[in-house]
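Keeping their order, the protein sequence lines are chains D and E.
For what it's worth, the numbering used here labels the leading residue of the first sequence as 75, then goes sequentially.
For what it's worth, the numbering used here labels the leading residue of the second sequence as -3, then goes sequentially.
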Amino acid sequence: MDAFLHQVLAGLATGGIYASLALALVMIYQATHLVNFAQGEMAMFSTYIAWSLINAGMPYWPAFLLTVAISFLLGVIIERVVIRPVENAPVLGVVTVFIALLVILNSVTGWIYTYTIKSFPSPFPKEMALGRFMSPHELGAIGVTLLVLAALYAFFRFTPLGLAMRAAAQNPVSSRLVGIRVGWMLALGWGLAAAVGAVAGMMVAPIVYLDPNMMGGILLYAFAAALVGGIDSPMGAVIGGFVVGVLENVLGAFVIGNELKLSVALVLIIGVLLVKPSGFFGKVHVSRV
Amino acid sequence: MSKRNLLVLAAVLVIACALPFLVSNYRTFQLTLVLVYAIALLGLNILTGYSGQISLGHGAFYALGAYVTAILMDKAGVPYWATVPAAGVVCFVAGFLFGLPALRLEGLYLALATFALGVAMPQLLKYHHLEKWTGGVQGIVIPKPDAPFGIPLNSDRWLYFFTLAVALLMFALAWNLLRGRVGRALVAIRDQHIAAEAMGVNGALYKSAAFGVSAMYTGVAGALGAIAVQFVAPDSFNIFLSITLLVGIVVGGLASISGALYGALFIQFVPNIADEISKAAPWAIFGVFMIGFVYLMPTGVAGAVRLLSRRRRSQ
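Structure below.
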């Protein structure tokens, strides 16, 4: 029983990270109806920035905040420079550009930082009372994830800018008519998604270690999480993230073994797309023929 | 085929037959890989270019073909040439079956599902219950075939001509398939799904058949690739292989048969040149080329060639 509980709690911790990345995916999907294949590599790149800052002698939390800010800027720049020109291109073109971003970020990181695995510090204490079930880092990661989610919720719900961004995503034409700069709202959305991804990257790096390919599997789980929850539902993405995290850990530990963990994501993705393409919390999509 | 095209084709064939005698064995091996990639790209192009279904996981079918060949040769002692059709059949079935659920997925979602397939494939190949056949992480080493009947060719050149023969057959089949009824039906489904159905085209059948045929081409390429490299291992079939194939069709040109050859030359030789700059450089360059082609030349090299020759003729 203890072992089971331990797996569930560890699953919640990684689930929180999947939830953040899934949320980043959903934010971009809502605004542009595109799935950002480069989301994981953007998070990975941000984590390397944090690593450089910390290695240069900066204390953890200022480095954390500075990384989030830099990632936000990078996200905005990527949207403006790379994504903008293909906004209305056919799906294959857009997917190609995303994949291109993925490989460019991956190889540039490998170029700058080499492919050797690096350890990444955790800001949380080593020992703690609850240590039997959950490491402090896992608990801390869940806490940070929930904080990020609360902050995002408050931003979208209670600030005029958040309202403008939601409006731009929902109805670009009408939004433009009431004076919202829709293009910039999209760029801001990309920036926010990149910032959220950066947090996820910094939280997962102490667990999986830092290397340019660290996000491949995590991105897949985030896709699965976003689809389980419904690709257009932020709340669903978060719940989906926790569900996928727990499923992955419990199935990996007790049913199919760690070797096939990624296949859980594959089966989940294809299964959800086939059985319930709108996910559990998403809107059912109806298109006019 | 016009007289001019026939002349071009004959010239290409003559060059293809003469090349291995003019270059080193290692270059011949690389040229063999170009042919292998060309077949794989042709397969991906049938799916993505002609029938409009995006696949980011074709490396998985390439891996399947390679493993079918390696296992048949290693465990069952089947001669190498007989494993190629077997790989094709297995991949056709696998592709057709994957194509059935894929019918319900469009555009982005299909890209997602196939991406997941591509990422998960190495792990499946490493699965320890399959280790008896797949050799686990170590993979399988297979022997290099020699030229039969005492033909005076070293094994690199022989393999090149064997691959060339298979490639010619596959290209001829694709050319016949795509310019006729089937090709038109696929393009019709891609461009106007509903109109095509109204004209009596069985969309579901054609789309999953396209998936099957595409997987078959890629599987045959995987089989030939395994024979040429003499080695299969899970980590050589990761998601970057699938992305390499995507680069190939974007650069070569979508919905174009000759594009497969341009794309194959690109993905074989550009990383070689870029490797001299840095280990990471090939992928950075691939990425930049991908974005560049989408922005500036969406029809790829094949489209540019077509445009140029048309312009020259009209002058």
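In this text, a Cβ means the ideal position worked out from N, Cα and C, and glycines have one as well.
These figures come from a predicted structure and were not determined experimentally.
Only counting the same chain, and skipping five residues up and downstream in sequence, which positions put a Cβ closer than 6 Å to that of alanine 215/D? Position 141 of the first sequence, counted from the first residue, corresponds to residue 215/D. Closer than 6 Å at the Cβ level, and outside the excluded window around alanine 215/D, lie Ala87, Gly90, Met277.
Closer than 9 Å at the beta carbon, the chain D residues around threonine 44/E: Indexing the second sequence from 1 puts residue 44/E at position 48. Neighbours of threonine 44/E on chain D, chain order: Leu166.
Of all Cβ atoms in chain E, is any one closer than 7 Å to the Cβ of glycine 49/D? No statement about residue 49/D is possible, as the shown extent of chain D runs from 75 to 363 and does not include it.
Report buried or exposed for threonine 188/D, applying the criterion of at least 16 other Cβ atoms within 10 angstroms of its Cβ. Start at 1 with the first residue of the first sequence, and residue 188/D comes out as number 114. Burial call: exposed.
Less than 7 Å between the C-beta atoms of methionine 116/D and glycine 271/D, yes or no? In the first sequence, residue 116/D corresponds to position 42, counting from 1. In the first sequence, residue 271/D corresponds to position 197, counting from 1. A contact, by the Cβ cut-off of 7 Å.
Can you tell me which of Lys275/E, Arg307/E, Ile50/E, Phe289/E puts its alpha carbon nearest to the alpha carbon of tryptophan 185/D? Residue numbering aside, residue 185/D sits at position 111 when the first sequence is read from its first letter. Minimum Cα distance to tryptophan 185/D is reached at Lys275/E.
Hey, does glutamate 322/D have any beta-carbon neighbour from chain E nearer than 7 Å? Taking the first sequence and counting its residues from 1, the one referred to as residue 322/D is at position 248. Cβ-Cβ to chain E under 7 Å: no for glutamate 322/D.
Check each residue of the segment 176 to 203 of chain D: if its Cβ is closer than 7 Å to any Cβ of chain E, include it; give the result in chain order. Val177, Ile178, Asn180, Ser181, Val182, Gly184, Trp185
Minimum Cβ-Cβ distance from proline 159/D to chain E less than 7 Å: Against the first sequence, residue 159/D aligns to sequence position 85. It does: the Cβ of proline 159/D has a partner Cβ on chain E nearer than 7 Å.
Contacts that lysine 122/E makes with chain D (C-beta to C-beta distance below 8 Å): Walking along the second sequence from the start, residue 122/E turns up at place 126. Chain D residues near lysine 122/E: Glu333.
Could you tell me which chain D residues have their CB closer than 9 Å to the CB of serine 274/E, listed as they occur along the chain? Along the second sequence, one-based indexing puts residue 274/E at 278. Correct list: Ser181, Gly184, Trp185.
Measuring CB to CB, does leucine 340/D end up less than 7 Å from alanine 112/E? The count along the first sequence starts at 1 and reaches residue 340/D at position 266. The count along the second sequence starts at 1 and reaches residue 112/E at position 116. Yes, these two residues count as a Cβ contact at 7 Å.
Compare the C-beta of arginine 100/E with all C-beta atoms of chain D and state if any pair is closer than 7 Å. Along the second sequence, one-based indexing puts residue 100/E at 104. With 7 Å as the cut-off, arginine 100/E counts as an interface residue toward chain D.
For chain D, check one thing: does any of its Cβ atoms lie closer than 7 Å to the Cβ of methionine 286/E? Here the question's residue 286/E lines up with position 290 in the second sequence. Yes - at least one Cβ of chain D is within 7 Å of the one on methionine 286/E.
When you compare the CB positions of glycine 20/D and alanine 96/D, do they come within less than 7 Å of one another, or not? Nothing can be reported for residue 20/D: it is not among the residues displayed for chain D, which extend from 75 to 363.
Compute the Euclidean distance between the alpha carbons of histidine 124/E and isoleucine 151/D, then round it to the nearest angstrom. Start at 1 with the first residue of the second sequence, and residue 124/E comes out as number 128. Start at 1 with the first residue of the first sequence, and residue 151/D comes out as number 77. Computed Cα separation, rounded: 45 Å.
What whole-angstrom Cβ distance do serine 94/D and valine 273/D have, given they're in contact under 8 Å? Translated into positions along the first sequence, residue 94/D becomes position 20. Translated into positions along the first sequence, residue 273/D becomes position 199. Contact holds; Cβ gap of about 6 Å.
Is there at least one Cβ from chain E nearer than 7 Å to isoleucine 91/D's Cβ? Taking the first residue of the first sequence as 1, we reach residue 91/D at position 17. Closer than 7 Å: no.
Cβ of leucine 149/E within 7 Å of Cβ of alanine 224/E? Numbered from its first residue, the second sequence carries residue 149/E at position 153. Numbered from its first residue, the second sequence carries residue 224/E at position 228. Going by C-beta atoms, leucine 149/E is not nearer than 7 Å to alanine 224/E.
Take glycine 91/E and list the residues in its own chain whose beta-carbon comes closer than 7 Å to its own, dropping the five residues that flank it on each side. Position 95 of the second sequence holds residue 91/E. Around glycine 91/E: Phe57, Phe207, Gly208, Ser210, Ala211, Met212.
Interface positions of the segment -2 to 14 of chain E facing chain D (Cβ-Cβ less than 9 Å), listed along the chain: none
Alanine 269/D and valine 142/D look like a contact to me (Cβ under 8 Å); what is the Cβ gap, rounded to whole Å? Translated into the one-based positions of the first sequence, residue 269/D becomes position 195. Translated into the one-based positions of the first sequence, residue 142/D becomes position 68. So it is a contact: roughly 5 Å between Cβ atoms.
Closer than 9 Å by beta-carbon distance: list the chain D residues that pair up with leucine 52/E, in chain order. Residue 52/E sits at position 56 when you count from the first residue of the second sequence. By Cβ distance, chain D contributes Phe111, Val169, Ile173.
7 Å Cβ cutoff, leucine 336/D in contact with chain E: Here residue 336/D is taken as the residue at index 262 of the first sequence, counted from 1. Interface residue, yes.
Assuming threonine 44/E and leucine 250/E form a contact by the criterion Cβ under 8 Å, report the distance between their Cβ atoms to the nearest whole angstrom. Taking the first residue of the second sequence as 1, we reach residue 44/E at position 48. Taking the first residue of the second sequence as 1, we reach residue 250/E at position 254. Indeed they touch by this definition, with Cβ atoms about 7 Å apart.
7 Å is my cut-off, CB to CB: does tryptophan 154/E come that close to chain D? As a working note, residue 154/E is residue 158 in the second sequence. Output row for tryptophan 154/E: interface = no.
Straight-line Cα distance separating aspartate 306/D from lysine 140/E: Locating residue 140/E in the second sequence gives position 144, counting from the first residue. Locating residue 306/D in the first sequence gives position 232, counting from the first residue. Straight-line Cα distance between these residues: approximately 52 Å.
Throw me the rounded Cβ distance for the glutamine 49/E and leucine 93/E pair, which I believe falls under 8 Å. Numbered from its first residue, the second sequence carries residue 49/E at position 53. Numbered from its first residue, the second sequence carries residue 93/E at position 97. In fact, because the Cβ distance is near 15 Å, the residues do not count as touching under 8 Å.
Put phenylalanine 354/D into one of helix, strand or coil per three-state DSSP. Translated into positions along the first sequence, residue 354/D becomes position 280. Of the three classes helix, strand and coil, the one that applies to phenylalanine 354/D here is coil, per DSSP.
Through-space distance from tyrosine 134/D to alanine 260/E, alpha-carbon basis: Taking the first residue of the second sequence as 1, we reach residue 260/E at position 264. Taking the first residue of the first sequence as 1, we reach residue 134/D at position 60. When rounded, the distance between both Cα atoms is 47 Å.
In chain D, which residues lie less than 8 Å from leucine 108/E when you measure between Cβ atoms? As a first step, residue 108/E must be located in the second sequence, where it is residue number 112. Per Cβ cutoff of 8 Å: Val109, Phe297, Leu301, Ile343, Leu347.
Short of 6 Å in beta carbon distance, which residues of its chain neighbour proline 246/D, apart from the five on each side in sequence? Order them along the chain. Within the first sequence, residue 246/D is the residue found at index 172, counting from 1. Closer than 6 Å at Cβ, skipping near neighbours: Val256.
Exposed or buried, what is threonine 219/D when buried is set at 16 or more other beta-carbons lying within 10 Å of its beta-carbon? Taking the first residue of the first sequence as position 1, residue 219/D is located at position 145. Buried is the call here.
Cut-off 6 Å between Cβ atoms - residues of its own chain near glutamate 193/E, not counting five sequence neighbours on either side: Taking the second sequence and counting its residues from 1, one reaches residue 193/E at position 197. Closer than 6 Å at Cβ, skipping near neighbours: Gly199.
Give me the DSSP bridge partner(s) of leucine 261/E. Residue mapping note: residue 261/E aligns to position 265 of the second sequence, counting from 1. DSSP, once it has assigned bridges, lists no residue as partnering leucine 261/E.
If the criterion is Cβ atoms closer than 7 Å, does the pair glycine 255/E and alanine 298/E meet it? Here residue 255/E corresponds to residue number 259 of the second sequence, with the count starting at 1. Here residue 298/E corresponds to residue number 302 of the second sequence, with the count starting at 1. Contact: yes.
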